[in-house]
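S.K.: The numbering of the sequence shown is the UniProt record's numbering, which starts it at 1 and goes up by one. No residue lacks a Cβ here, since even glycine has one placed at the ideal position from N, Cα and C. For clarity, every value in this text was computed on a predicted model and none was experimentally measured. First, the structure itself, so that you have it in front of you.
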Amino acid sequence: MKFKSAIKPYHAAAGGWGSLEATTRFVIDSKHALKNLRNLLRMNKAKGFDCPGCAWGDDNKSTFSFCENGAKAVTWEATRRFIDHEFFAQHSVSKLYQQSDYFLEYQGRLTEPLRYNPQTDHYEAIGWDDALALIARHIKALDNPNQMELYTSGRASNEASYLYQLFGRMVGTNNFPDCSNMCHEASGSGLKRSIGVGKGTIHLNDFDKANAIFVFGQNPGTNHPRMLHSLRHAAENGAQIVTFNTLRERGLERFADPQKPLEVVTPLAGKISTYYYQPNLGGDMAAIRGMAKALLETHRQQLAQGGGGIFDKAFIAEHTHGVDDWFAEIDNTTWEHITHQSGLSEPQLRDAASVWQQADRVIFTWAMGITQHKHSLNTVREIVNLQLLGGHLGKPGAGLCPVRGHSNVQGNRTMGIDEKPSAALLDSLAAHFGFEPPRAQGHNTVEAIAAMLRDEVKVLITLGGNLAAAAPDSPRTEEALTRCGLTVHISTKLNRTHLVPGKVALILPTLGRTEEDMQASGRQFITVEDSFSMVHASEGIGKPIASTQRSETAIVCGMANAVLGHEKLDWLRLADDYNLIREHIAATLPGFKDFNQQCEKPGGFYLGNAAAELRFNTPTGKAEFSAAPLPESLFGELNAPFTLQTLRSHDQYNTTIYGLDDRYRGVYGQREVLFINPEDLAALELQDGDLVDIETVWNDGISRKVSGFKVVPYNIPRGNLAAYYPETNPLVPLSSVGDGTGTPTSKSVPVKICRTEITETQRIA
1 MKFKSAIKPY
11 HAAAGGWGSL
21 EATTRFVIDS
31 KHALKNLRNL
41 LRMNKAKGFD
51 CPGCAWGDDN
61 KSTFSFCENG
71 AKAVTWEATR
81 RFIDHEFFAQ
91 HSVSKLYQQS
101 DYFLEYQGRL
111 TEPLRYNPQT
121 DHYEAIGWDD
131 ALALIARHIK
141 ALDNPNQMEL
151 YTSGRASNEA
161 SYLYQLFGRM
171 VGTNNFPDCS
181 NMCHEASGSG
191 LKRSIGVGKG
201 TIHLNDFDKA
211 NAIFVFGQNP
221 GTNHPRMLHS
231 LRHAAENGAQ
241 IVTFNTLRER
251 GLERFADPQK
261 PLEVVTPLAG
271 KISTYYYQPN
281 LGGDMAAIRG
291 MAKALLETHR
301 QQLAQGGGGI
311 FDKAFIAEHT
321 HGVDDWFAEI
331 DNTTWEHITH
341 QSGLSEPQLR
351 DAASVWQQAD
361 RVIFTWAMGI
371 TQHKHSLNTV
381 REIVNLQLLG
391 GHLGKPGAGL
401 CPVRGHSNVQ
411 GNRTMGIDEK
421 PSAALLDSLA
431 AHFGFEPPRA
441 QGHNTVEAIA
451 AMLRDEVKVL
461 ITLGGNLAAA
471 APDSPRTEEA
481 LTRCGLTVHI
491 STKLNRTHLV
501 PGKVALILPT
511 LGRTEEDMQA
521 SGRQFITVED
531 SFSMVHASEG
541 IGKPIASTQR
551 SETAIVCGMA
561 NAVLGHEKLD
571 WLRLADDYNL
581 IREHIAATLP
591 GFKDFNQQCE
601 KPGGFYLGNA
611 AAELRFNTPT
621 GKAEFSAAPL
631 PESLFGELNA
641 PFTLQTLRSH
651 DQYNTTIYGL
661 DDRYRGVYGQ
671 REVLFINPED
681 LAALELQDGD
691 LVDIETVWND
701 GISRKVSGFK
711 VVPYNIPRGN
721 LAAYYPETNP
731 LVPLSSVGDG
741 TGTPTSKSVP
751 VKICRTEITE
761 TQRIA
C-alpha cells in the first residue's frame, strides 16, 4: 500500500472533525463496516466488551464510550482479512521480514496453528493437538524450570493471566517478563515504597472534584484520548491544569469533543492546560524538586511570621515518616542544579508551586514520560512527596494517578504476573492448590533477553505482545529470540516477533477482545482492570473469523493440561467454564470476594486501595518520604550532545501500526522522522527535510545507529530529540535500565546525529 508523504502543521484542536473523519476511515477500511459500527456501540458498555486499547476508566454515561484510537483498535482486530498456511506458502519468513510492521499486521487475522520449517523458511499448518504435544515435550525436557520464560502482554484478560502464572509456578518458575517491565515498573515500585500500594489512589470522578491537576510526561491526545474528556470537564469546572511535557502536544492544549456536533462542525474547542511547561527529557524530578523548594521557602516564611505554614502538618505528623530528611535534601539542592537539569526557570517553577499552594484538592497524573529514565523510581517518589505535603491522599478530588498503557496491564499484575511475587501471593496459591510455588525472584524482560543471549532459555512462550518490536536494542533482542530452543507466540495477527523464530517455533491463533467466546458451558466473558482499580466484565459479540482460533484462556489451559495433566487441577474443565476460574481467583486474591456476582454490577466493581484509606503497608506503617538526591547528570561521564526519546505516532498503539500518519504533529505517510528544535537544526547546518543518521553514545563498544531519518523542526527544548519506536528501538542499549526497575531508558537515550551520506547509486535512484 502506498502512502502520500507530507509534513504540514496541524492547526486544529485535538478531537473534533479530524478524529471523526479518521474513525470513519478506519471503520470502512476494515471491510466489515456494519459489524464494526455495532461493535463500537457495545464498547465499554454493560454486556459489551472492554476497549482493547488503553486502560483509561469508563464514565458509563456517554452514548458513545469510545475514542478515535479505541475505534482503530477495534476495527484493526475485527477485520475480514485473514492469514492461513496458503499465505505462508507464498511468503517465506525471510521475505516477510523485509516488510514494514504496518504491512505485517495489515494482512489480517491469524486463523490456524503454524509451525516454522527451517528447511523451507516457511510456516506450515500444524494441528492443535500436535502443537500442544510439542510444547509439552520441550517443557518436560528442561534441565530446570527456569530455562522457560513466560512473557505477557498487557491485553491478556484476568482469567488468562491468572492461569498463566499458575501454570508457570506449578512448572516451577517465576520467570514472568511482561510489558509492564518495559513501561510502568517505576510507578508500581515507587508507589509501593512510598505508600505501600503499587496503584493509583483516585477514582475517575475525582477529576471532576479537583482544584488543580498536574500532568507529567504523557500525551493523552494520542495514547489515551478518553482522558481528554476528563481534563476538559475538570477545566470547565474551574480546575487549573498544569502540564509538564517536553514536546508541545496538541491534545494538551485544545480539545474539541467529537461527540458534540457543534464542536465537530465549528472551531469551538475547550482549552486544556492553564500552564504548559516543557522540561528537558529526564528533568521532571528536578522540576518537582524546584516546586518543593519554593513551597518550603514559603512555608518557613509563614512560620517565621507566626503563621501555621502552608503544609498539612496534621497529616504529615499522623500519616508520614521521613519528611525532615527530605527537607534537608531540598536544602542541599541548589537552584542552579534544579534549573539546569529541568530546563525550566526559577520563576516558572515558582508559578507552578503557587498553583499547588492555592489548591485544596490536587491530582498528580503521569505516564511513560516519567517512567522510562534511569532515575524514574525516584521521580515517582518525588511526585508522592509533594502530594504528601498537602495531605492530598484519601480525600475526594485529590491523589495519585499513574496512567497505564494497554487495557489490562494493571490487571495482569493483580493476577500475579510478576517476577517478584509477594510472599502473601505464593502462600495463598500454595494453601489453595496444594503445591509449593518457587520462591526465588524470576527474570524481568531485560533479564530474560540477556538469559536468551547466554543460551540459558530453552522455551519462550509469549501470551500476546510483539517482543522483537517492543524490546530495546533490536538486533540483540532478535538474536536472543533465535537462540531459544522453542518459541511459542499466542497472537491475533502476524508481527515482527514471528519472523525471528527460535530453533523450533509455533504461532497459535487466538480470539480477540471483540469476539464471541463459546466454550462447552456456553458463551463466556472475561474481566479486565483499568487504571482506577475498577474491574469490568467484557463479552465479545463478533463471530470469530475461523473455527480454528481459540481463546487465550483455552490455549493456556491446553498447554497446562498437556504439561501437568489434571491431577492437581482440571485445566480443561476451567477452559469450559470461566466462572470456575473466577472462583479460584476469589479464593486466592484479596478484593475478589464473590467475584462472579460482582461482575454483574454495571460499570464493574472497585478493588479498593489501602493507601486511599490512609492505611500504608510500609515498614513504618506510614507513607514514606523519599530523600533521594537529584542525579548529577543523566548519563554520568558520557558526553552526548543530544537526548532522544522514543514515542508513538497518532496512528499507533504500542507496536501496532494502524497507519503512517501522526496528525497532531503534522507528519503524514512516513515514520522515519526526527523532531528537533529549529535552533539545533541551524547549529548543525541542517535544513528542514534533510536526512540524518542517529547514533547512540554508549560505553560498551557496540555500534547502535539508524540512518535516513528526516529532520522535522518542532517545538521541543534545545538538546532534546524525539522519534518513533520501534524504528529507533535499536538505539536503546539493553544495559541502560532504570535504577530499581530494570525498565529500558527509552525516554533518555544519549545520541549524536550527522547528515546521512547519500551514495551515487542512491542519488541516481
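So, for E382: in the same chain, excluding its five sequence neighbours on each side, which residues have a beta-carbon less than 7 Å away from its beta-carbon?
M.R.: M285, I288, R289 and S626.
S.K.: Does Y664 come out as helix, strand or coil in the three-state DSSP assignment?
M.R.: Of the three classes helix, strand and coil, the one that applies to Y664 here is helix, per DSSP.
S.K.: From the DSSP output, in three-state form, read off V355 for me.
M.R.: It is helical.
S.K.: Could you compute how far the alpha carbon of A239 sits from the alpha carbon of I363?
M.R.: For A239 and I363, the distance between alpha carbons rounds to 10 Å.
S.K.: Please state if the CB of D530 and the CB of G221 are separated by a distance shorter than 7 Å.
M.R.: Their beta carbons are not under 7 Å apart, which means G221 does not touch D530 by this criterion.
S.K.: Under DSSP, the alpha helix (DSSP H) around N561 begins and ends at which residues?
M.R.: It spans E552 to L564 - the alpha helix (DSSP H) in which N561 sits, taken as one unbroken run.
S.K.: For A640, which residues of its own chain have a beta-carbon under 8 Å away from its beta-carbon, when the five flanking residues on both sides are left out?
M.R.: Here the set comprises V697, P750, V751 and K752.
S.K.: I need the DSSP call for V749, collapsed to helix, strand or coil.
M.R.: Strand.
S.K.: If you reduce the DSSP assignment to three classes, tell me which class Q652 lands in.
M.R.: It is a strand residue.
S.K.: For Q348, collect the residues of the same chain with a Cβ closer than 7 Å to its Cβ; drop the 5 residues on either side in sequence, then sort them by chain order.
M.R.: Excluding positions up to five away in sequence, the list reads Y277.
S.K.: Specify the secondary structure class of I764 as computed by DSSP and reduced to three states.
M.R.: Low local confidence applies: a pLDDT of 47 at I764 is under 50, so the model's placement there is unreliable, with the coordinate-based value given in what follows. It is helical.
S.K.: How many Å lie between C484 and E478 at the Cα?
M.R.: Roughly 11 Å separates the two Cα atoms.
S.K.: Cα separation between H233 and T365?
M.R.: Their backbone Cα atoms lie some 16 Å apart in a straight line.
S.K.: Which residue marks the beginning of the beta strand (DSSP E) containing Y276, and which one marks its end?
M.R.: Segment Y275 to Y277, the beta strand (DSSP E) holding Y276.
S.K.: Under 8 Å by Cβ, that's how I've got N677 and K199 pegged, so tell me the actual separation to the nearest angstrom.
M.R.: Rounded, the Cβ-Cβ distance is 37 Å, inconsistent with contact.
S.K.: Can you give me the C-alpha to C-alpha distance between D517 and R523, rounded to a whole angstrom?
M.R.: The alpha-carbon atoms of D517 and R523 are separated by roughly 6 Å.
S.K.: Which word fits T620, buried or exposed, when buried means at least 16 other C-beta atoms lie within 10 angstroms of its C-beta?
M.R.: Answer is exposed; the Cβ neighbour count stays below 16.
S.K.: With distances taken Cα to Cα, identify the nearest neighbour of A352 among L486, A212 and F255.
M.R.: Checked all of L486, A212 and F255; the closest Cα to A352 is A212.
S.K.: Which residues bound the alpha helix (DSSP H) around Q410?
M.R.: From DSSP, the alpha helix (DSSP H) with Q410 extends over V409 to T414.
S.K.: Can we say the stretch 487-496 touches the stretch 457-468, given the rule of at least three CB pairs closer than 8 Å?
M.R.: With a cut-off of 8 Å, the stretch 457-468 and the stretch 487-496 count as touching, because enough Cβ pairs lie within range.
S.K.: For T266, count the other beta carbons within 10 Å of its own beta carbon; 16 or more makes it buried, fewer makes it exposed. Which is it?
M.R.: Because T266 carries a pLDDT of 49, less than 50, the predicted location of this residue cannot be relied on, and the following value inherits that uncertainty. T266 comes out exposed.
S.K.: Return the residue from the list P437, V457, F435 and L393 that minimises the CA-CA distance to T445.
M.R.: Ranking the options by Cα distance to T445, first place goes to V457.
S.K.: Can A451 and V500 be called in contact, C-beta distance under 7 Å?
M.R.: No, these two residues do not count as a Cβ contact at 7 Å.
S.K.: Output the boundary residues of the beta strand (DSSP E) element that contains N205.
M.R.: It is not in any beta strand (DSSP E) - N205 carries neither H nor E in the DSSP assignment.
S.K.: I need the straight-line Cα distance from E539 to R513, nearest angstrom please.
M.R.: Cα to Cα, the separation comes out at about 8 Å.
S.K.: Which runs of the beta strand (DSSP E) at least 3 residues long sit entirely within the stretch 583-623? Give them in chain order.
M.R.: Listed in chain order, there is nothing to give.
S.K.: DSSP three-state call for L114: helix, strand or coil?
M.R.: Here L114 sits in strand by DSSP.
S.K.: Let's see if you can read the secondary structure: which residues bound the beta strand (DSSP E) around Q524?
M.R.: Segment G522 to Q524, the beta strand (DSSP E) holding Q524.
S.K.: In three-state terms, what does DSSP make of H340?
M.R.: Helix.
S.K.: What residue range is occupied by the uninterrupted alpha helix (DSSP H) comprising S538?
M.R.: Not the alpha helix (DSSP H): S538 falls in the beta strand (DSSP E), residues M534 to S538.
S.K.: What are the boundary residues of the beta strand (DSSP E) that S491 is part of?
M.R.: L486 to S491 is the extent of the beta strand (DSSP E) around S491.
S.K.: Check N146 in the structure and name its three-state DSSP category.
M.R.: DSSP places N146 in helix when its eight states are reduced to three.
S.K.: Is residue 780 buried or exposed, if buried means 16 or more other CB atoms sit within 10 Å of its CB?
M.R.: Because residue 780 is not part of the residues shown, which for the chain are 1 to 765, the question remains open.
S.K.: Look at the alpha carbon of H319 and the alpha carbon of T646, and state the distance between them as a whole number of angstroms.
M.R.: Distance between the alpha carbons of H319 and T646 is about 38 Å.
S.K.: Taking A186 as the reference, give the member of P402, R439 and L589 with the closest Cα.
M.R.: Out of P402, R439 and L589, P402 has the C-alpha closest to the C-alpha of A186.
S.K.: Checking 7 Å against the spacing of the C-beta atoms, do H91 and A125 come in under that value?
M.R.: No; because the gap between Cβ atoms is not below 7 Å, this pair is not in contact.
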